[in-house]
Each structure stands twice: as C-alpha cells, then as structure tokens.
Amino acid sequence: MQPSETIAAIFNAAKNERSCCASFYCTTCGGLGTRLQKITADHPVEIPIAALKSIHTFPLTQRDFVYHQHISKSAFPKEPNISPFIEYLRWLLNCMPIQNKVEISEEWRQLAPSLPIWLLDGICYYFVPLLPSSELQPWKTLLSNRITETSDASLSETLRLKY
C-alpha cells in the first residue's frame with residue numbers, strides 16, 4: 009500500500025463511521041477530526057512523511073479547495089471553504105515535528121514548478137501558513153515568481169492575503 013493510500017484509508021475509515029455529520033468539526037458529535045483522533049489513538053499508525061511530501065499523488069481536485077457546503081451564519085466554529093480531506097491533511101501537517109514540516113516544505117517547493125496553479129494556490133493558502141516561519145520567505149519568493157510567469161489572479165490574491 010502506498011503512503012498516500014494509507015492516509016486516504018484512515019480518512020475513509022473515519023468518514024464511514026456513523027455520526028451526525030461529515031464535517032471536520034462539529035459541536036454536536038465532534039466531527040471527523042474527533043473520529044480521526046480516536047482511530048489513530050486506537051490503532052497507532054506512523055504517517056509516513058513521504059506521503060505528505062508527494063502531495064501531488066493524492067486524488068485531489070480543484071473542488072477540494074473550493075468545497076461548498078451550507079453553513080448557517082450562527083454555526084460555530086466556522087469551517088474553511090475546503091473539503092474534509094484537505095482539513096485532515098492540514099491536521100496531519102500541523103501534528104508533525106518542525107523538522108518534518110521543513111522537509112515537506114522543501115519537497116513541495118521542488119515540485120511547485122510542475123504543479124497545476126490550483127494545487128499550488130491551495131498549498132500556499134492552506135498549508136504553508138502551518139509551516140515554521142523560516143519557510144515563509146522561500147514560498148513568498150516562489151509564489152511571486154510564478155505570478156510573474158502566469159499573471160494568475162488567484163495566486164496574486166493568495167500572495168496578498170497570506171504573505
């Protein structure tokens with residue numbers, strides 16, 4: 009089983025458990041985040057760093073980063089506009105030691121020129137802010153260079169909002 013398949017299998021196991029909702033956070037049932045914590049506590053699994061290094065191998069689509077769901081104005085906490093799987097990947101990255109985050113960041117920067125714009129934009133907007141502050145400047149430079157090459161409005165907005 010590939011490392012990315014292991015991560016997807018853990019996510020799908022939590023998603024398939026019966027609960028009141030499928031959102032990552034829920035004030036009633038705890039949401040997917042609570043179920044994922046329980047699964048990883050009951051069945052410890054070492055998440056291979058290689059799986060997150062090769063983010064392009066996950067079955068991600070552009071819709072994962074513009075996930076639309078009905079959220080009432082009084083909902084708490086407000087969820088980002090991303091799919092639960094992206095929330096799960098963010099949660100995994102956030103739980104990793106700093107050295108692993110730096111390794112992942114370096115690998116992603118090497119992959120960046122070959123990534124589609126929507127995936128690079130998603131990484132820069134949702135994942136890079138979780139990295140150590142020493143990693144932000146190289147990403148800002150990379151993003152600026154890609155904007156110069158492509159003149160993409162979404163990348164420009166990400167640069168303006170996050171860096």
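Counting with my numbering, you get residues 9 to 171 for the letters of the sequence shown.
C-beta: ideal position from N, C-alpha, C; glycine also.
Asked: Apply the 10 Å Cβ neighbour rule to V136 and answer buried if 16 or more other Cβ atoms are within range, or exposed otherwise.; Found: buried
Asked: Can you tell me whether E95 is buried or exposed? The criterion is at least 16 other CB atoms within 10 Å of its CB, across all chains shown.; Found: buried
Asked: Can you say whether R168 is buried or exposed, counting buried as having 16 or more other CB atoms within 10 angstroms of its CB?; Found: exposed
Asked: By Cβ distance below 8 Å, which residues in the same chain neighbour D72 in space, the five residues on each side in sequence not counted?; Found: I90, S91, F93, I94, G130
Asked: Suppose you measure from the CA of L127 to the CA of S162; what does that come to, to the nearest Å?; Found: 11 Å
Asked: Near P57, what residues of its chain come up, given a Cβ to Cβ distance below 8 Å and the 5 sequence neighbours on each side ignored?; Found: The question names Pro, yet the displayed sequence has Ile at residue 57. Around I57: M104, N108, E111, I112.
Asked: Where does the unbroken alpha helix (DSSP H) through V110 begin, and where does it stop?; Found: 106-119
Asked: Could you tell me the distance, in whole angstroms, from the CA atom of I63 to the CA atom of L101?; Found: 11 Å
Asked: Per DSSP, what kind of secondary structure is N102 in: helix, strand or coil?; Found: helix
Asked: To which residues of the same chain is L97 closer than 8 Å at the C-beta, ignoring the five residues directly before and after it?; Found: I15, L60, I63, F66, F135
Asked: Name the residue from P124, I106, A21, G39 whose alpha carbon lies nearest to the alpha carbon of F68.; Found: What sits at residue 68 in the sequence shown is Leu, not Phe. Ranking P124, I106, A21, G39 by Cα distance to L68 puts P124 first.
Asked: Would you kindly work out how many angstroms separate the C-alpha atoms of T172 and K46, rounded to a whole number?; Found: Residue coverage of the chain in this structure runs from 9 to 171, which leaves residue 172 outside it and unanswerable.
Asked: Just to confirm before moving on: does the CB-CB distance between R117 and L144 stay below 8 Å?; Found: no
Asked: Around the Cβ of T156, are there at least 16 other Cβ atoms within 10 angstroms (buried) or fewer (exposed)?; Found: exposed
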